[in-house]
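For reference, the structure is listed below as structure tokens.
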Amino acid sequence: MYGGDEVSAIVIDLGSHTCKAGYAGEDAPIALFPSVVGSIDQMEVDNPDNPGDNSGSAPDSKSKAKQKLYVISPIKDGMVVDWDIVENIWDHAFRDCLLIDPKEHPMLLAEPCSNTQQQREKAAEITFKKYQVPALFLAKNAAVATSPIGGEILIDCLIKSLELKGITIKPRYSFKRKEIRPGEFQIVDLEFPNTTESYKLYCQRTIASDIKECVSRAPDTPYDDSSYSNIPTSYELPDGQTIEVGADRFKIPDILFNPSLVQTIPGMESFAETAASLRGLPQMVIESINKCNVDIRRELFSSILLAGGTASMQQLKERLEKDLLEESPQAARVKVLASGNATERRFSVWIVGSILASLGSFQQMWFSKSESAYAAVPTIVFSLLTGTRAWGILCSKKIPLR
């Protein structure tokens, strides 16, 4: 028994945009921060060729460092590509956010359905050898597939569409608001000439992500310019500028259903080549269900769960259910589930992991540290989430940890 009232398990969901971490049994994660790191080229900051530029106070040095910051993500298309960065993120979650010693807590990690055996072995090796956790469980995050169509592509398309209309999203660091009289502010531009493009893009994506989740709406029918061009809505940017988001608030979400729409957005040419061959969200859902055992397909069609930040978009649930009804077998009773609370939608994977790790019947599923010395590395861990029920199936393979 590793969980319980005295020692709570730690649940971590490392997403492509945000890392969520907290204790099993809680309603929401305690730690919530971007799943990226900042890398500084120390050679450029120190500038050894011109030592005179390095003199100055500590604040000046920090300012230079921030301007040389490169933002790097360890995840690409839902898969971990840099485990060193993942370790830095976990270190931050344990030491700075949760303030715990990982040796004292079992750990449940959410992983993509398409995770490879090598990825699982690496995760087990790091958690047991570096963090020395007493027990581990890898739970599937129940994603339908690994696909480049996702939140980041929608955000990039939104940024390009706004730029085409002459609207530039100013990063928060590039200006400050100065109060000139009560209730009236003036925007003062700040100069940071050496800011890296990756840091600027990261700051713009953060604002564009909020635009996407606040004003975007999945169209009731496949998008066309004539039907949705005259339904604008407004959004106030951090610099105080109010913009009109017109047809883009419908067009961008429809990319989830019709990826070829990317080809109509200037500046997305690099992605447009592959977009034509990609499947939409309804097709991916049906294909994923059809790959399952025929005896459970009917139940899966009636238990499709929307989760993640993109699931917060208006009418996404209704549009997906409508398209699935048209394309699924007639005998299928399609039902798409989504929490009415936007926060619960965003944290659904973490919340289910929290419930799973706190169940008394789950405690026998933990893979202990004592078994890992020269025993089983969890190679296949599968969690099938249907409605409020959760099943965990653990298969192991005898592989030594080096």
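Letter 190 of the sequence shown, counting from 1, is numbered 190 in the UniProt record's numbering, and no numbers are missing. Each residue gets a CB set at the ideal place from its N, CA and C atoms; glycine is no exception. Keep in mind the model is a prediction, meaning the values are calculated, not measured.
- Item | Beta-carbon proximity check, Val36 vs Ile12, cutoff 8 Å | As a first step, residue 36 must be located in the sequence shown, where it is residue number 36. As a first step, residue 12 must be located in the sequence shown, where it is residue number 12. Contact: no.
- Query: Is it buried or exposed for Cys157, if we count other Cβ within 10 angstroms and need 16 for buried?
  - Reply: Position 157 of the sequence shown, counted from the first residue, corresponds to residue 157. Looking at its Cβ environment, which holds 16 or more other Cβ atoms inside 10 Å, Cys157 is buried.
- Unbroken stretches of the alpha helix (DSSP H), 4 residues or longer, contained in the segment 163-241: Within the segment 163-241, the runs of alpha helix (DSSP H) that reach at least 4 residues and sit entirely inside it are, in chain order, 197-215, 225-228.
- Query: Is any heavy atom in the ligand ZN found nearer than 7 Å to the beta carbon of Leu237?
  - Reply: In terms of ligand content, the structure shown is empty, and the ligand ZN therefore cannot be addressed.
- Task: Please name the residue in Ser312, Leu337, Leu154, Trp83 whose C-alpha comes closest to that of Gln263.
- Result: For the purposes of this step, residue 263 is identified with residue 263 of the sequence shown, where counting begins at 1. Selected option, being the one with the closest Cα: Leu154.
- By the 10 Å Cβ neighbour count, where 16 or more other Cβ atoms means buried, how is Phe367 classified, buried or exposed? Residue 367 sits at position 367 when you count from the first residue of the sequence shown. With 16 or more other Cβ atoms inside 10 Å of its own Cβ, Phe367 counts as buried.
- Distance, Cα to Cα, Cys203 vs Pro238? Indexing the sequence shown from 1 puts residue 203 at position 203. Indexing the sequence shown from 1 puts residue 238 at position 238. Approximately 11 Å between the Cα atoms of the pair.
- Task: Decide if Asn331 is buried, meaning its Cβ has at least 16 other Cβ atoms within 10 Å, or exposed.
- Result: Mapped onto the sequence shown, residue 331 falls at position 331. Reading off the sequence shown, one finds Ala at residue 331, where the question assumed Asn. Burial call: exposed.
- Message: Tell me the rounded alpha-carbon separation between Val352 and Phe185.
- Response: In the sequence shown, the residue the question calls residue 352 occupies position 352. In the sequence shown, the residue the question calls residue 185 occupies position 185. Taking the straight line from one Cα to the other gives about 44 Å.
- Task: Take Gly280 and list the residues in its own chain whose beta-carbon comes closer than 7 Å to its own, dropping the five residues that flank it on each side.
- Result: For the purposes of this step, residue 280 is taken as the residue at position 280 of the sequence shown. Within the same chain, Gly280 has close Cβ partners Leu256, Phe257, Asn258, Pro259.
- Task: Using only alpha-carbon positions, find the residue among Tyr223, Val245, Asp220 that is nearest to Ile231.
- Result: By one-based count along the sequence shown, residue 231 stands at place 231. Shortest Cα-Cα distance from Ile231 to any of Tyr223, Val245, Asp220 involves Val245.
- Nearest to Asp84 by alpha carbon, out of Cys113, Ser39, Leu337, Leu162? One-based indexing of the sequence shown puts residue 84 at position 84. Distance check between Asp84 and each of Cys113, Ser39, Leu337, Leu162 places Ser39 closest, using alpha-carbon atoms only.
- Item | Three-state secondary structure assigned by DSSP to residue 445 | The chain is shown only over 1 to 402; residue 445 falls outside these bounds and no answer can be derived.
- Any idea what DSSP makes of Ala9, helix, strand or coil? For the purposes of this step, residue 9 is taken as the residue at position 9 of the sequence shown. Of the three classes helix, strand and coil, the one that applies to Ala9 here is coil, per DSSP.
- Query: Using DSSP with H/G/I as helix, E/B as strand and the rest coil, what is Leu98?
  - Reply: As a working mapping, residue 98 is identified with position 98 in the sequence shown. In the three-state DSSP reduction, Leu98 falls in the helix class (H, G or I).
- Query: When DSSP labels each residue in this structure, what does Pro34 get in the three-state scheme?
  - Reply: Here residue 34 corresponds to residue number 34 of the sequence shown, with the count starting at 1. In this structure, DSSP gives Pro34 an extended state, which the three-state scheme calls strand.
- So, Ala135 versus Pro106, is the Cβ gap smaller than 8 Å? By 1-based counting over the sequence shown, the position of residue 135 is 135. By 1-based counting over the sequence shown, the position of residue 106 is 106. Remark: C-beta atoms of Ala135 and Pro106 approach each other more closely than 8 Å.
- Span separating the alpha-carbon of Arg346 from that of Glu321: Here residue 346 is taken as the residue at index 346 of the sequence shown, counted from 1. Here residue 321 is taken as the residue at index 321 of the sequence shown, counted from 1. Between the alpha carbons of Arg346 and Glu321 lies a gap of roughly 19 Å.
- Label Leu14 either buried or exposed according to how many other C-beta atoms from any shown protein chain fall within 10 Å of its C-beta, with 16 as the threshold for buried. Within the sequence shown, numbered from 1, the residue matching residue 14 stands at position 14. Under this definition Leu14 is a buried residue.
- Contacting residues, own chain, Cβ-Cβ under 7 Å from Asp323 (five flanking each side not counted): Looking up residue 323 in the sequence shown gives position 323. Cβ neighbours of Asp323 beyond the five flanking positions: Phe257, Pro282.
- Message: In whole angstroms, give me the CA-to-CA distance for Glu299 and Ser114.
- Response: Translated into the one-based positions of the sequence shown, residue 299 becomes position 299. Translated into the one-based positions of the sequence shown, residue 114 becomes position 114. For Glu299 and Ser114, the distance between alpha carbons rounds to 22 Å.
- Lys291, DSSP secondary structure in three states: The residue you call residue 291 lines up with position 291 of the sequence shown. Lys291 falls in the coil class under three-state DSSP.
- For the segment 199-217 and the segment 165-181, state whether three or more C-beta atom pairs, one from each stretch, are separated by less than 8 Å. Touching, per the Cβ criterion.
- Message: Using the three-state DSSP reduction, which class does His111 fall into: helix, strand or coil?
- Response: Start at 1 with the first residue of the sequence shown, and residue 111 comes out as number 111. Before going on, a small fix: residue 111 reads as Glu here, not His. Of the three classes helix, strand and coil, the one that applies to Glu111 here is strand, per DSSP.
- Between Leu306 and Ala338, is the Cβ-Cβ spacing less than 8 Å? For this step, residue 306 is matched to residue 306 along the sequence shown. For this step, residue 338 is matched to residue 338 along the sequence shown. Yes, they are a contact pair.
- Item | Contacting residues, own chain, Cβ-Cβ under 7 Å from Phe250 (five flanking each side not counted) | Counted from its first residue, the sequence shown places residue 250 at position 250. Excluding five sequence positions before and after Phe250, the CB atoms of its chain that fall closer than 7 Å to its own CB belong to Arg217, Pro219, Tyr223, Tyr228, given in chain order.
- Around the C-beta of Cys292, are 16 or more other C-beta atoms found within 10 angstroms, so that it is buried, or is it exposed? Reading the sequence shown from its first residue, position 292 is the one you call residue 292. With fewer than 16 Cβ atoms within 10 Å of its Cβ, Cys292 is classed as exposed.
- Secondary structure of Thr264, DSSP reduced to three states: Here residue 264 refers to the residue found at position 264 of the sequence shown. Secondary structure at Thr264: helix, using DSSP grouped into helix, strand and coil.
- Ala21 beta carbon less than 8 Å from that of Val349: By one-based count along the sequence shown, residue 349 stands at place 349. By one-based count along the sequence shown, residue 21 stands at place 21. No, the Cβ-Cβ distance between Val349 and Ala21 is not below 8 Å.
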